[in-house]
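When we follow our numbering, the leftmost residue of the sequence shown carries the number 28, and every step to the right adds one. Structure, as structure tokens:
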Amino acid sequence: MGTIKSLNKWANAHTYYPLDLLRIALGAFLFIKGIDFMGNSEMLMELIKPIQSLVGGMVTIHYVAPAHFIGGLLIAFGLLTRWAVIAQLPIIIGAVLINFLGEMNTTNLVLSILVLFLCIFFLFYGSGKHSVDYYLKMQK
């Protein structure tokens, strides 16, 4: 618990608007991907075909779309950011693996790796000073 508090103190002391905009952009991107996966589940099934034998197809569909949809909103608003990022990590790691096990698409690979690095960054950085988490913490 002490580590999380020290990370929060560091993040709040080093918060800048560009990092908040980056967090909001990441959340918006994940939210839009969640909507895209909800509306086009056949595309999602096609994407997970290389790893379908490792994990159940329907379980994956019922996890990926809502996790992106809800997690994207939480990350964008800065509410429970670390928990939302933790829920995103298996999906993003799976997206990187799909590009190696299935058909290689360099655009998707670069995008997946970028989102993975951003998620890892916000896992340690947190939601920052301009977020719902910070606002609720200051209301105590």
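Ideal Cβ positions, reconstructed from N, Cα and C, are used throughout, including at glycine. Remember, predicted model here, so these are calculated numbers, not experimental data.
For this session: May I have the straight-line CA-CA distance separating Tyr90 from Gln166, to the nearest angstrom?
Result: Within the sequence shown, the letter at position 63 stands for residue 90. Within the sequence shown, the letter at position 139 stands for residue 166. Roughly 33 Å between the two C-alpha positions.
Exercise. Roughly how many angstroms lie between the CA atoms of Ile140 and Ile147, to the nearest whole one?
Worked result: Indexing the sequence shown from 1 puts residue 140 at position 113. Indexing the sequence shown from 1 puts residue 147 at position 120. So the alpha carbons of these two residues sit roughly 11 Å apart.
For this session: Have a look at Thr133 and Phe127 and give me their C-alpha separation to the nearest angstrom.
Result: The residue given as residue 133 occupies position 106 in the sequence shown. The residue given as residue 127 occupies position 100 in the sequence shown. The alpha-carbon atoms of Thr133 and Phe127 are separated by roughly 10 Å.
For this session: Identify the continuous alpha helix (DSSP H) that holds Gln115 and give its terminal residues.
Result: Residue numbering aside, residue 115 sits at position 88 when the sequence shown is read from its first letter. Per DSSP, Gln115 belongs to the alpha helix (DSSP H) from 108 to 128.
Exercise. If you draw a straight line from the alpha carbon of Leu145 to that of Pro117, how long is it in whole angstroms?
Worked result: On the sequence shown, residue 145 is found 118 positions in, with the first residue counted as 1. On the sequence shown, residue 117 is found 90 positions in, with the first residue counted as 1. One C-alpha to the other measures close to 14 Å.
Exercise. Span of the alpha helix (DSSP H) holding Lys76?
Worked result: Within the sequence shown, numbered from 1, the residue matching residue 76 stands at position 49. Lys76 -> no alpha helix (DSSP H), and no H or E assigned at all.
Exercise. Whose C-beta lies closer than 8 Å to the C-beta of Trp110 among residues of the same chain, with five residues either side of it excluded?
Worked result: Residue 110 sits at position 83 when you count from the first residue of the sequence shown. So the list reads Leu101, once near-sequence residues are dropped.
Problem set entry | Where His89 falls: helix, strand or coil (DSSP) | Here residue 89 refers to the residue found at position 62 when the sequence shown is read from its first residue. Here His89 sits in helix by DSSP.
Exercise. Taking the C-alpha atoms as reference points, what is the distance between Ala92 and Ile62?
Worked result: Along the sequence shown, one-based indexing puts residue 92 at 65. Along the sequence shown, one-based indexing puts residue 62 at 35. Cα to Cα, Ala92 sits roughly 7 Å from Ile62.
For this session: Look at Ile59 and Leu71 and say whether their C-beta atoms are less than 7 Å apart.
Result: As a first step, residue 59 is located in the sequence shown; it is residue number 32 there, counting from the start. As a first step, residue 71 is located in the sequence shown; it is residue number 44 there, counting from the start. Result no, Cβ atoms of Ile59 and Leu71 do not sit closer than 7 Å.
Exercise. Among Tyr161, Tyr162, Lys156, which has the Cα closest to the Cα of Tyr44?
Worked result: The residue given as residue 44 occupies position 17 in the sequence shown. That would be Lys156, whose Cα lies nearest to the Cα of Tyr44.
For this session: Please list, in chain order, all residues of the same chain as Ala103 whose beta carbon is under 6 Å from its beta carbon, the five residues on each side excluded.
Result: One-based indexing of the sequence shown puts residue 103 at position 76. Ile51, Gly54, Ala55.
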